[in-house]
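Asks:
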Amino acid sequence: MMKKNWNEKEIKELKSLYPVMNTGKLALRIGRPLSSVYGKAHALGLRKSEDFLRSPGSGRFSNTRLIEGGIRTRFKKGHIPANKGKRMSEYMSAESIEKNKATRFRKGHIPANHKPVGYERTTRDGYIEVKVSEPNVFRLKHRLIWEQHHGKIPPGHNVQFRDGNRGNTSIGNLYLISRSHQLKSENSMYARFPKEVQGLIKLKGALSRQINKINKK
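In UniProt numbering, the protein residues as written are 1 to 217.
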């Protein structure tokens with residue numbers, strides 16, 4: 001399928017709205033794929049405004065206390081609900097069932113905490129993830145940007161950051177490196193540390209690579 005070139009009207013709209021509008025909504029407005037909008041924005045040197053990044057619409061905020069509290073109180077793996085396999089009439093009165101009908105989700109209901117395509121979030125490791133499709137399909141933003149400019153990432157390769165800042169996903173800050181070369185570079189860097197510290201650094205690197213594999217699935 002041939003890529004449709006951007007016309008002057010689309011470029012003008014992109015320059016005007018990209019800094020102040022959610023990228024997913026902008027992609028829908030222009031009628032372009034999300035990856036195409038990101039790629040063109042980076043090619044034009046466009047960035048989100050500080051006011052937009054501080055706004056709820058950017059989707060970059062999270063409540064750490066609520067998340068940690070949820071982890072402590074969530075059901076443990078293997079938990080079996082008390083009403084599993086039972087009909088509603090077996091554990092609820094007729095009156096309660098009738099009241100319950102008014103609060104049930106209707107078909108096509110969109111939850112209040114639903115995040116639109118284009119929503120961005122930052123992982124604990126500092127990587128930016130972008131929601132690319134429903135339901136809740138996320139991809140690492142730096143990999144998305146790289147593929148928009150250079151095509152699919154070859155097997156056995158990673159995309160790295162030149163300045164070490166995982167939040168700087170501009171194409172000029174990204175480079176492709178084979179995992180074997182990456183390991184050699186890391187090993188040469190480890191040599192200046194004590195063996196105990198080297199082991200911890202290598203363990204962190206292995207963990208990051210495993211996370212990347214999971215994110216690619």
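The beta-carbon is built from N, C-alpha and C at its ideal position, and this holds for glycine as well.
These figures come from a predicted structure and were not determined experimentally.
Checking 8 Å against the spacing of the C-beta atoms, do Lys159 and Trp146 come in under that value?
Replies: Here the question's residue 159 lines up with position 159 in the sequence shown. Here the question's residue 146 lines up with position 146 in the sequence shown. Before going further, note that residue 159 is Val rather than Lys in the sequence given. Taking 8 Å as the Cβ cut-off, Val159 and Trp146 qualify as a contacting pair.
Asks: List the residues that DSSP assigns as beta-bridge partners of His157.
Replies: For the purposes of this step, residue 157 is taken as residue 157 along the sequence shown, with counting starting at 1. Answer is Ser178.
Asks: Alpha carbon to alpha carbon, how far is Asp51 from Pro116? Give it in angstroms, no decimals.
Replies: Position 116 of the sequence shown, counted from the start, is the residue given in the question as residue 116. Position 51 of the sequence shown, counted from the start, is the residue given in the question as residue 51. When rounded, the distance between both Cα atoms is 20 Å.
Asks: From Pro154 to Leu144, what does the alpha carbon distance come to, in whole angstroms?
Replies: As a first step, residue 154 must be located in the sequence shown, where it is residue number 154. As a first step, residue 144 must be located in the sequence shown, where it is residue number 144. One C-alpha to the other measures close to 13 Å.
Asks: If we call anything under 8 Å between Cβ atoms a contact, is Gly126 one with Arg162?
Replies: Mapped onto the sequence shown, residue 126 falls at position 126. Mapped onto the sequence shown, residue 162 falls at position 162. Going by C-beta atoms, Gly126 is not nearer than 8 Å to Arg162.
Asks: To the nearest angstrom, report how far apart Arg32 and Gly24 are at their CA atoms.
Replies: Residue mapping note: residue 32 aligns to position 32 of the sequence shown, counting from 1. Residue mapping note: residue 24 aligns to position 24 of the sequence shown, counting from 1. So the two alpha carbons sit approximately 10 Å from each other.
Asks: Using DSSP bridges, identify the partner residues of Phe52.
Replies: In the sequence shown, residue 52 corresponds to position 52, counting from 1. Paired residue(s): none; Phe52 is not in a bridge.
Asks: With distances taken Cα to Cα, identify the nearest neighbour of Val130 among Ala43, Ile177, Asn22.
Replies: The residue labelled residue 130 in the question sits at position 130 within the sequence shown. Residue Asn22 is the option with its Cα nearest to Val130.
Asks: When you compare the CB positions of Pro19 and Leu44, do they come within less than 8 Å of one another, or not?
Replies: Within the sequence shown, numbered from 1, the residue matching residue 19 stands at position 19. Within the sequence shown, numbered from 1, the residue matching residue 44 stands at position 44. It is not a contact, given that the beta carbons lie outside the stated cut-off.
Asks: Just how far apart, CA to CA, sit Gly172 and Gly39?
Replies: Your numbering for residue 172 matches position 172 in the sequence shown. Your numbering for residue 39 matches position 39 in the sequence shown. Those two C-alpha atoms are separated by around 12 Å.
Asks: Lys152 and Thr169 look like a contact to me (Cβ under 8 Å); what is the Cβ gap, rounded to whole Å?
Replies: Within the sequence shown, numbered from 1, the residue matching residue 152 stands at position 152. Within the sequence shown, numbered from 1, the residue matching residue 169 stands at position 169. With a Cβ gap of about 18 Å, Lys152 and Thr169 do not count as contacting.
Asks: What are the partner residues of Glu13, as DSSP defines its beta bridges?
Replies: Locating residue 13 in the sequence shown gives position 13, where the first residue counts as 1. Looking at the DSSP assignment, Glu13 forms no beta bridge with any residue, so it has no partner.
Asks: Just to check my reading of the structure: Arg179 and Gly156 have Cβ atoms closer than 8 Å, yes? What is that Cβ distance to the nearest angstrom?
Replies: The residue labelled residue 179 in the question sits at position 179 within the sequence shown. The residue labelled residue 156 in the question sits at position 156 within the sequence shown. Right, their Cβ atoms sit about 5 Å apart.
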